[in-house]
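One structure is given below, encoded as structure tokens.
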Amino acid sequence: MDIIRSVSEMRQWASSVRVAGQSISFVPTMGFLHQGHLSLLKEGRKRGDLLVLSIFVNPTQFGQGEDFAEYPRDLQQDCEIAQQAGVDIIFAPEAKDMYPNGYATCVAVEGITETLCGRSRPGHFRGVCTVVSKLFNIIQPQTAIFGHKDFQQLAVIKRLTLDMNMPVDIFGMPIFRETDGLAMSSRNVYLSADQRRQALVLSQSLTQAKELVKAGETDCANIIFRLKKYIGQQPDARIDYVQICHQLTLEDQSQVDKDSVLLLAVYFGKTRLIDNDFLAANHD
Ligand code: PAF
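Start counting the sequence shown at 816; every next residue gets the next number (this note's numbering).
Shown next, in the form of structure tokens:
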């Protein structure tokens, strides 16, 4: 496994791979890898001749007052995990190489970025779409793997690649959870022991909503009302959103159907966690 730090070297490597007729599968991350990332890497390993992992804490997707400076970083540990997962190349560029002086271009997807996380984190998806477009241009993968935990991000990237005719197949992988149900996230390290216990309300809310649907409840407003009350019982929980949306358009729904996804974003202290699941057992 090699670590490439410069954009030009990464481009050269990617071109030589293409000339040799080999395919690249790609897992973009911001590092501080956990089991969830590992599942993406394992899938990536199966889907291409060569596997590239990028580790880049992308400044343009963090808003003012967000956790860019504190975002956890541990390149040495990431390298060990990547090695075990069979990664061929880690691409870990410097911000000044990705965004050189005079940089003035960004990529924005409209519509589906204006709800959910896009509403509470203005500019976030513009930063994500910009860096993902740049990474795709540099690495030229045939396949890229993203996690379902960032459900809106996955939908936005699918829209982006479709709209911009990018020759990359996008695969989504299921959420990887701790044994007690907490969705794995690099940000979980910010939680105190008590906040971590309270954060279980997220996965419990998903279970509760699915049980309501199974018992015949189809009214989204009723489900959301009950969940907000339930989450609000945790002393440190501050709800950002509880929404039920169509899985492709991310438009709010009034009635649950096979395309319904329940999406949650809740702060525990300063830490904002997200989670989601399909509501109907027969979802697509
Ligand atoms: O999901 C992430 O870790 C980031 O948003 C991504 C896709 C690597 C872009 O910086």
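Note that the Cβ used here is the ideal one computed from N, Cα and C, for glycine as well.
Computed from a predicted model, the values in this text were never measured in an experiment.
Note the first and the last residue of the continuous alpha helix (DSSP H) segment covering residue i.
i     : result
F1040 : C1035 to G1047
V947  : H939 to I954
K1029 : L1015 to K1029
Could you check where the beta strand (DSSP E) with residue i kicks off and where it finishes?
i     : result
Q1058 : A1052 to H1061
S838  : No beta strand (DSSP E) contains S838, which DSSP labels as neither H nor E.
D817  : D817 to I819
Strictly by DSSP, which residues pair up with residue i?
i     : result
G1110 : The structure shown does not extend to residue 1110, since the chain is modelled only from 816 to 1099, so the question has no answer here.
A1080 : Y1056 and I1089
T844  : I870
R992  : A998
S1075 : H1061
In this structure, does DSSP put residue i in helix, strand or coil?
i     : result
Q967  : helix
A998  : strand
Q1070 : strand
A1008 : helix
A829  : helix
R974  : helix
N1003 : helix
E824  : helix
R936  : coil
Assuming residue i and residue j are in contact, meaning their beta carbons sit under 8 Å apart, how far apart are those beta carbons, in whole angstroms?
i     : j     : result
V1071 : T1022 : With a Cβ gap of about 15 Å, V1071 and T1022 do not count as contacting.
Every unbroken beta strand (DSSP E) within the region 850-932, with a cutoff of 3 residues, ordered by chain: Segments of the beta strand (DSSP E) lying fully in the region 850-932: 865-870 and 904-906.
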